[in-house]
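S.K.:
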Amino acid sequence: MRILIVEDDPETAAYVLSGLAEEGHVAEIVDDGRDGLSQAMDEIYDILVIDRMLPGLDGLSLVRALRAAGHRAPVLFLTSLGGVDDRVDGLNVGGDDYLVKPFAFSELMARINALARRPHLRDAETVLRVCDLEMDLIARKVTRRGDVIDLRPREFRLLEVLMRNKGRILTRTMLLERVWSFHFEPRTSVVETHISRLRTKIDRPYGKELIRTVRGCGYTMHDRQ
Amino acid sequence: MIANDLLKRTPVRLAAAFTILFALTVVALVAVLYLTLGAELEGHIRQRVEETSDTLVAMDSEHGFDALSVVVADEAKSVRDFDTILLLRRKDGSFQAGNVKNIRVFAGWAILDRAWLPMVANKGDPDDRFYAIWKPVSKGHLLVGWSDREIREVQRLLLHALGWGLLATVLLAIGSAAYLARRAQQKIDLFATTLAMVSHGDIGRRVALSGSGDDLDHVAAQINGTLAHLQKLIENVNQASSDIAHDLKKPIGRLRRRLEVALRGTGDVGDMRARIAESLEDLDSIVETFEALLRITQIEAGARRSRFRSVDLGQLLAEVADIYEPVAEESGDRLKSTMRTHANAEIHGDHELLTQLFANLIENAIRHSPTGTQIGVDLVTQGNRHVAVVCDTGPGIPIQERDNVFRRLYRLERARKTPGSGLGLSLVAAIADLHGASVQLEDNEPGLRIKVSFAKA
Chain B
35 MRILIVEDDP ETAAYVLSGL AEEGHVAEIV DDGRDGLSQA MDEIYDILVI
85 DRMLPGLDGL SLVRALRAAG HRAPVLFLTS LGGVDDRVDG LNVGGDDYLV
135 KPFAFSELMA RINALARRPH LRDAETVLRV CDLEMDLIAR KVTRRGDVID
185 LRPREFRLLE VLMRNKGRIL TRTMLLERVW SFHFEPRTSV VETHISRLRT
235 KIDRPYGKEL IRTVRGCGYT MHDRQ
Chain E
530 MIANDLLKRT PVRLAAAFTI LFALTVVALV AVLYLTLGAE LEGHIRQRVE
580 ETSDTLVAMD SEHGFDALSV VVADEAKSVR DFDTILLLRR KDGSFQAGNV
630 KNIRVFAGWA ILDRAWLPMV ANKGDPDDRF YAIWKPVSKG HLLVGWSDRE
680 IREVQRLLLH ALGWGLLATV LLAIGSAAYL ARRAQQKIDL FATTLAMVSH
730 GDIGRRVALS GSGDDLDHVA AQINGTLAHL QKLIENVNQA SSDIAHDLKK
780 PIGRLRRRLE VALRGTGDVG DMRARIAESL EDLDSIVETF EALLRITQIE
830 AGARRSRFRS VDLGQLLAEV ADIYEPVAEE SGDRLKSTMR THANAEIHGD
880 HELLTQLFAN LIENAIRHSP TGTQIGVDLV TQGNRHVAVV CDTGPGIPIQ
930 ERDNVFRRLY RLERARKTPG SGLGLSLVAA IADLHGASVQ LEDNEPGLRI
980 KVSFAKA
């Protein structure tokens, strides 16, 4: 992937850059908002990682200008502004995701992966499939090996998010945001409990595990046989 | 300079404006009197002229021209005060009798100036003007006129009265305005000095109320309320900063020890990695505490209120209860919602924050109670309020601790062994405050019952 990082803190920029390079991505760093905007307009990137507070032009204005010019590249805001409203502001101007500093690199990587390969067209799909597991989004029915599996609405949502992102890692925080709309860190094992319930229903009876735990990071749904 | 400075003060300006207003009122009043009285008196004079000339014309027709001329001559001579003019002239225009002469016959009323009148004898007030009219008589014409002296007299009196009245009004207005302005100024100065003292660090200082309940007292009460609120905020901040420093020293110290041990370690990479992973976890929990603190501060600042929408409290509570029901079960407790399913409980609020509020309360019940605790979630309507209830059968909170638990980083003695930041209930209080909701801690006999009471939307 080709990634543009607009970040004025050299240490964070270097940290992100080396991490991305290790994962085999090509990243470029710009440390000024205005340069960031022109770079993003001139070149083609798979994803933009943009700091909120930048010299020259702040991140919000940068993304607003980019979107006004019709640029669709996914934007991940990276910021130390962890305020309650800041996330909403960031998403309102056209950002796609939001990550508060300090962050774990695995969290950043998971979010970049989820954004970059976001299947725009596949949103229109009505049936999701992973291996022998099938989810009919219109009938709201889940089957595995032909058995109908009875899921509660929130379990259905959790499974849907996992299936839509098959092959990608979803961190605990990402699941909390996307499945339960929790924008805070719970102090009980909300994610683990719900994942475990879901596993009991869709994995355990079939002997083949589709939901995998990625240690210290999150969960992923595997479609490899 | 001083006058300029004085004019900038609101009470002085008000006083000046009122003085001018009163003076204008007096002038307007007198002007109305002046005009109406003048018109009234003029009417009287004309009537008198008509009456006199009618009498004389009647005499002419009854007793003849000669008798009239005798009467006119007599009258003309006897008019001492000279408030009347009389002239009888023959048809050929020659003078017959009277105290004025050589006046041409005109139709209708005329006002004749004394100064221009050819007088028979030089008597009377030279400023007089006469309301006069000609009447035809048998052998000529009769002129009768009456002076306007009465009108001028009344007008003179009125102007006189106006002068003194104006003087008195202005003096009174200035006097009372100055008195009132001084009082207001003293109060305003009191506000200013009090606020100056507060800004110089005497944060406990308050504006003294006069007890009169006037508008300035209201402002003073408002100022005192604001100051009290600010004082509370400042004390909270001070308390929080020292609590933070105190509270974070422990995990940071632990982190330091871990890193030091890792540094001195004898090269087993696996061991070292494990220590670093542990250190990262420590760091994450420290960062989490900071984030929670920041979040509380931002919520308390209140900007979030501009994003309030209509929220169905019943639905929100049901969702949160639904999310935590398996979590409670997992830790051996039982979470039960006793809400009526279709209770429509609309409030004005922030969905995300309210979710966090109730998630926090339920998590507290799960985390701080022994296995087998019953946790209840309910929503009741009391008058014009929706009251959300989260209760448990755990150990509860002793009465003397019920205020303390809302303090930042405060932890009950027995909770110190459970991991946690001591910020959960502070956050609950901040979110409730933002929504104008009250939080009550009660005894659930046994356990804790928390009531969060919201105003209906």
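Chains as they are written, first to last, in the numbering used here: chain B, 35 to 259; chain E, 530 to 986.
Heads up, the beta-carbon is just placed ideally off N, CA and C, and yes, glycines get one too.
1. Let me know the secondary structure DSSP gives L777 of chain E once reduced to three states.
2. Report the rounded CA-to-CA distance for V601 of chain E versus E682 of chain E, giving the unit in angstroms.
3. If V919 of chain E and V906 of chain E are in contact, beta carbons under 8 Å, what's the gap, nearest whole angstrom?
4. Could you tell me which uninterrupted alpha helix (DSSP H) segments, each at least 4 residues in length, are contained entirely in the stretch 50-88 of chain B, listed from first to last along the chain?
5. If you draw a straight line from the C-alpha of I78 of chain B to the C-alpha of M35 of chain B, how long is it?
6. Alpha carbon to alpha carbon, how far is I732 of chain E from L756 of chain E?
7. Say whether chain B places a C-beta atom closer than 7 Å to the C-beta of Q885 of chain E.
8. Relative to chain B, which residues along the stretch 894-905 of chain E have a C-beta separation below 8 Å, given in chain order?
9. Would you call R178 of chain B buried or exposed, if buried means 16 or more other Cβ atoms sit within 10 Å of its Cβ?
10. Which two residues bound the contiguous beta strand (DSSP E) that contains F111 of chain B?
11. Evaluate the contact criterion for the stretch 117-128 of chain B versus the stretch 225-237 of chain B: three or more CB pairs, one atom per stretch, below 8 Å.
12. Considering only the alpha carbon of each residue, which of E:H747, E:S808 and E:V766 lies closest to I781 of chain E?
13. Can you list, in chain order, the residues of its chain with a C-beta nearer than 6 Å to that of T581 of chain E? Leave out the 5 residues immediately preceding and following it.
14. Give the secondary structure of L155 of chain B by DSSP, where H, G and I count as helix, E and B as strand, and everything else as coil.
15. For V829 of chain E, return the contacting residues in chain B, with the cut-off set at a CB-CB distance below 8 Å.
16. Just to confirm before moving on: does the CB-CB distance between R68 of chain B and L91 of chain B stay below 7 Å?
17. Could you tell me which of E:G637, E:S590 and E:D642 sits nearest to T613 of chain E, measuring between CA atoms?
18. Runs of 3 residues minimum, wholly inside the stretch 789-860 of chain E: which ones carry the beta strand (DSSP E) assignment?
19. Pick from E:V981, E:R896, E:A944 and E:N973: whose alpha carbon is nearest that of S223 of chain B?
20. By Cβ distance below 8 Å, which residues in the same chain neighbour D746 of chain E in space, the five residues on each side in sequence not counted?
21. Whether or not the stretch 934-942 of chain E and the stretch 770-786 of chain E are in contact is what I'm after, with contact meaning three or more pairs of Cβ atoms, one per stretch, closer than 8 Å; do they touch?
22. With burial defined as no fewer than 16 other Cβ atoms inside 10 Å of the residue's Cβ, what is the status of Y708 of chain E: buried or exposed?
23. Roughly how many whole angstroms lie between the Cα atoms of A546 of chain E and K716 of chain E?
24. What number of angstroms, rounded off, separates the C-alpha of F659 of chain E from the C-alpha of E571 of chain E?
25. Residues bridged to Q969 of chain E by DSSP?
26. Quick check: the stretch 863-883 of chain E against the stretch 179-192 of chain B, are there 3 or more CB pairs under 8 Å?
27. Does the count of Cβ pairs from the stretch 624-633 of chain E and the stretch 537-554 of chain E closer than 8 Å reach three?
28. Distance cutoff 7 Å, beta carbons only. Does T46 of chain B sit that close to anything in chain E?
29. Looking at the unbroken alpha helix (DSSP H) that takes in A986 of chain E, where does it start and where does it end?
30. Can you have a look at L615 of chain E and say buried or exposed, based on whether 16 or more other CB atoms are within 10 angstroms of its CB?
31. Would you say L185 of chain B and V195 of chain B are within 7 Å of each other, going by their C-beta atoms?
32. Looking at the C-beta of I852 of chain E, does it have a partner C-beta in chain B at a distance below 7 Å?
33. For P44 of chain B, name the three-state secondary structure that DSSP assigns.
34. Which partner residues does V599 of chain E have in the DSSP bridge list?
35. Would you be able to state if there are at least three C-beta pairs under 8 Å between the stretch 788-808 of chain E and the stretch 938-958 of chain E?
36. Can you name the residues that DSSP bridges to I183 of chain B?
M.R.: A quick look at the data gives this:
1. Position 248 of the second sequence holds residue 777 of chain E. The DSSP-derived three-state label of L777 of chain E is helix.
2. Translated into positions along the second sequence, residue 601 of chain E becomes position 72. Translated into positions along the second sequence, residue 682 of chain E becomes position 153. CA-CA distance, V601 of chain E to E682 of chain E, rounds to 28 Å.
3. Walking along the second sequence from the start, residue 919 of chain E turns up at place 390. Walking along the second sequence from the start, residue 906 of chain E turns up at place 377. Right, the Cβ-Cβ distance comes to about 6 Å (below 8 Å), so this counts as a contact.
4. Whole alpha helix (DSSP H) segments, 4+ residues: 67-76.
5. Walking along the first sequence from the start, residue 78 of chain B turns up at place 44. Walking along the first sequence from the start, residue 35 of chain B turns up at place 1. A direct Cα-Cα distance of roughly 11 Å separates I78 of chain B from M35 of chain B.
6. Numbered from its first residue, the second sequence carries residue 732 of chain E at position 203. Numbered from its first residue, the second sequence carries residue 756 of chain E at position 227. Straight-line Cα distance between these residues: approximately 8 Å.
7. Within the second sequence, residue 885 of chain E is the residue found at index 356, counting from 1. So yes, Q885 of chain E belongs to the interface.
8. Look at the stretch 894-905 of chain E: the residues with a C-beta under 8 Å from a C-beta of chain B are I895 and R896.
9. The residue you call residue 178 of chain B lines up with position 144 of the first sequence. Result: buried.
10. Numbered from its first residue, the first sequence carries residue 111 of chain B at position 77. Per DSSP, the unbroken beta strand (DSSP E) holding F111 of chain B starts and ends at V109 to T113.
11. Counting Cβ pairs under 8 Å, fewer than three are found: no touch.
12. In the second sequence, the residue the question calls residue 781 of chain E occupies position 252. Answer by Cα proximity: E:S808.
13. Counting from 1 along the second sequence, the entry for residue 581 of chain E is found at position 52. Leaving aside the five residues that flank T581 of chain E on each side, the residues in its chain whose CB is nearer than 6 Å to its CB run, in chain order, V673.
14. Within the first sequence, residue 155 of chain B is the residue found at index 121, counting from 1. Per-residue confidence for L155 of chain B stands at a pLDDT of 46, beneath the threshold of 50, marking its modelled position as unreliable; no derived number is given.
15. Counted from its first residue, the second sequence places residue 829 of chain E at position 300. It is Glu, not Val, that sits at residue 829 of chain E in the sequence shown. Close partners of E829 of chain E in chain B (Cβ separation under 8 Å) are lacking, with about 11 Å as the shortest Cβ gap.
16. Indexing the first sequence from 1 puts residue 68 of chain B at position 34. Indexing the first sequence from 1 puts residue 91 of chain B at position 57. Closer than 7 Å, so yes.
17. Residue numbering aside, residue 613 of chain E sits at position 84 when the second sequence is read from its first letter. Minimum Cα distance to T613 of chain E is reached at E:D642.
18. Runs of the beta strand (DSSP E) inside the stretch 789-860 of chain E: 838-841.
19. For the purposes of this step, residue 223 of chain B is taken as the residue at position 189 of the first sequence. If we check each option's Cα against that of S223 of chain B, E:R896 comes out closest.
20. In the second sequence, counting from the first residue as 1, residue 746 of chain E sits at position 217. If we look at D746 of chain E and ignore the five residues flanking it on each side, its Cβ neighbours are L738, S739 and G740.
21. Short answer: they touch.
22. Position 179 of the second sequence holds residue 708 of chain E. By the 10 Å Cβ count, Y708 of chain E comes out exposed.
23. Here residue 546 of chain E refers to the residue found at position 17 of the second sequence. Here residue 716 of chain E refers to the residue found at position 187 of the second sequence. Each residue's alpha carbon lies about 20 Å from the other.
24. Counted from its first residue, the second sequence places residue 659 of chain E at position 130. Counted from its first residue, the second sequence places residue 571 of chain E at position 42. Their Cα atoms are separated by approximately 11 Å.
25. By one-based count along the second sequence, residue 969 of chain E stands at place 440. Beta bridge pairing from DSSP links Q969 of chain E with E:K980.
26. No: fewer than three Cβ pairs fall under 8 Å.
27. The count of Cβ pairs closer than 8 Å, one atom from the stretch 624-633 of chain E and one from the stretch 537-554 of chain E, stays below three, leaving the stretches out of contact.
28. Position 12 of the first sequence, counted from the first residue, corresponds to residue 46 of chain B. Not an interface residue.
29. The count along the second sequence starts at 1 and reaches residue 986 of chain E at position 457. No alpha helix (DSSP H) holds A986 of chain E; DSSP gives it neither H nor E.
30. Taking the second sequence and counting its residues from 1, the one referred to as residue 615 of chain E is at position 86. With 16 or more other CB atoms across the displayed protein chains lying within 10 angstroms of its CB, L615 of chain E is buried.
31. Numbered from its first residue, the first sequence carries residue 185 of chain B at position 151. Numbered from its first residue, the first sequence carries residue 195 of chain B at position 161. Going by C-beta atoms, L185 of chain B is not nearer than 7 Å to V195 of chain B.
32. Against the second sequence, residue 852 of chain E aligns to sequence position 323. It does: the Cβ of I852 of chain E has a partner Cβ on chain B nearer than 7 Å.
33. Here the question's residue 44 of chain B lines up with position 10 in the first sequence. In the three-state scheme derived from DSSP, where H, G and I count as helix and E and B as strand, P44 of chain B is classed as helix.
34. As a first step, residue 599 of chain E must be located in the second sequence, where it is residue number 70. DSSP output for V599 of chain E lists no bridge partner at all.
35. Remark: fewer than three beta-carbon pairs, one from each stretch, lie closer than 8 Å, so the stretch 938-958 of chain E and the stretch 788-808 of chain E are not flagged as touching.
36. The residue labelled residue 183 of chain B in the question sits at position 149 within the first sequence. Per the DSSP secondary-structure output, I183 of chain B pairs in a beta bridge with B:V176.
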